[in-house]
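Undergrad: This structure is in structure tokens; I'll ask about it shortly.
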Amino acid sequence: MIIFDLETTSADAGEARIVTAFAGVLGDDGTVSDHVDLLARPDGFTIPAEATRIHGITTEKALADGIPLATALALIIELIQAHPDEPIAGQNIAYDFTVLHHELGRALGATIASTGMLDRHVLDSIIFDRFLYKYRKGSRQLENLARIYGVPLGDEAHGARADATAAGQIIQRQLRHPELAGWSFEQLHAAQVQWRAQQSASIEAWLQRTDPEAAIDPGWPLLLSAAVPA
Numbered sequence: 195m196i197i198f199d200l201e202t203t204s205a206d207a208g209e210a211r212i213v214t215a216f217a218g219v220l221g222d223d224g225t226v227s228d229h230v231d232l233l234a235r236p237d238g239f240t241i242p243a244e245a246t247r248i249h250g251i252t253t254e255k256a257l258a259d260g261i262p263l264a265t266a267l268a269l270i271i272e273l274i275q276a277h278p279d280e281p282i283a284g285q286n287i288a289y290d291f292t293v294l295h296h297e298l299g300r301a302l303g304a305t306i307a308s309t310g311m312l313d314r315h316v317l318d319s320i321i322f323d324r325f326l327y328k329y330r331k332g333s334r335q336l337e338n339l340a341r342i343y344g345v346p347l348g349d350e351a352h353g354a355r356a357d358a359t360a361a362g363q364i365i366q367r368q369l370r371h372p373e374l375a376g377w378s379f380e381q382l383h384a385a386q387v388q389w390r391a392q393q394s395a396s397i398e399a400w401l402q403r404t405d406p407e408a409a410i411d412p413g414w415p416l417l418l419s420a421a422v423p424a
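Counting from 1 along the sequence shown, just add 194 to a position and that's the residue number in this note's numbering.
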């Protein structure tokens with residue numbers, strides 16, 4: 195599978211700018227081979243302090259060591275397109291796909307649809323976890339899922355490579371669960387579209403108990419807010 199993760203400036207996928215990006219091939223043994231691990235230069239914006247506290251990258255470091263966003267995007271897409279038969283995997287991957295879509299528009303005048311990524315099978319660790327363990331209490335953030343599934347994350351949490359690798363290894367474990375074992379990638383992808391919609395509706399209903407205007411975007415693997423033309 196292709197593992198994919200972005201570290202960014204914001205939780206809002208429409209506004210977030212890419213700070214670091216990782217895409218790589220995760221083998222059946224859980225090791226990464228062909229990969230790109232990139233730091234993007236923040237041309238025209240600064241990295242907020244609250245984002246730096248999460249991933250550790252400052253504006254100064256990114257300006258000094260980063261590469262142009264257009265170059266970073268081209269390298270990510272090149273790696274993904276070089277492995278056309280592999281599913282793309284990550285944690286809460288609709289966020290990463292949507293950020294990538296908007297950044298492609300800003301830097302290259304392109305869309306994620308033009309890359310072929312929306313034609314690929316996609317795997318999402320958080321959707322699988324909510325399906326397999328619907329009533330388990332506690333956070334489903336990556337650090338907690340890594341602990342639950344026995345996946346090492348260590349001190350590199352919130353680094354794009356570490357997060358992508360952990361998500362991929364979690365998914366490998368999830369796909370060995372009796373509820374999912376034996377499913378084709380096509381079947382898994384189609385099921386996740388439905389599960390995401392159901393899970394979003396459930397979370398939205400729960401949030402609206404205290405905030406009547408709360409809304410959860412059910413789009414997957416791209417948020418509906420991205421409004422990609424057909």
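All C-beta atoms, glycine included, are put in the ideal place defined by N, C-alpha and C. Keep in mind that this is a model prediction, so the values were computed, not measured.
(1) Could you tell me which residues DSSP puts in a beta bridge with LEU220?
(2) Out of SER319, VAL230 and TRP414, which has the shortest C-alpha to C-alpha gap to HIS371?
(3) Give a yes or no on whether the C-beta atoms belonging to ALA268 and LEU233 are separated by under 8 Å.
(4) Would GLN393 and ILE342 qualify as a contact pair, given that the criterion is a beta-carbon distance under 8 Å?
(5) Starting from the Cα of ILE196, find the closest Cα among GLU398, TRP400, ALA409 and HIS315 and give me that residue.
(6) Quick check on the DSSP output: what are the complete beta strand (DSSP E) runs of length 3 or more inside the stretch 234-289, in order along the chain?
(7) From ILE241, HIS249 and VAL293, pick the residue whose C-alpha is nearest to that of ASP206; which is it?
(8) Should the stretch 298-306 be regarded as contacting the stretch 260-277, the criterion being three or more beta carbon pairs within less than 8 Å?
(9) Buried or exposed: LEU418, going by 16 or more other Cβ atoms within 10 Å of its Cβ?
TA: Reading from the atomic positions:
(1) Working through the sequence shown from its first residue, we reach residue 220 at position 26. The partner list for LEU220 (beta bridge, DSSP) reads VAL226.
(2) Counted from its first residue, the sequence shown places residue 371 at position 177. The shortest C-alpha separation from HIS371 is found at SER319.
(3) The sequence position of residue 268 within the sequence shown is 74, counting from 1. The sequence position of residue 233 within the sequence shown is 39, counting from 1. No, they are not a contact pair.
(4) Here residue 393 refers to the residue found at position 199 of the sequence shown. Here residue 342 refers to the residue found at position 148 of the sequence shown. No, the pair does not count as a contact, with Cβ atoms beyond the cut-off.
(5) Walking along the sequence shown from the start, residue 196 turns up at place 2. Taking only the C-alpha atoms, the option nearest ILE196 is HIS315.
(6) 282-284
(7) Working through the sequence shown from its first residue, we reach residue 206 at position 12. ASP206 has its Cα closest to that of VAL293, out of ILE241, HIS249 and VAL293.
(8) yes
(9) Indexing the sequence shown from 1 puts residue 418 at position 224. Under this definition LEU418 is an exposed residue.
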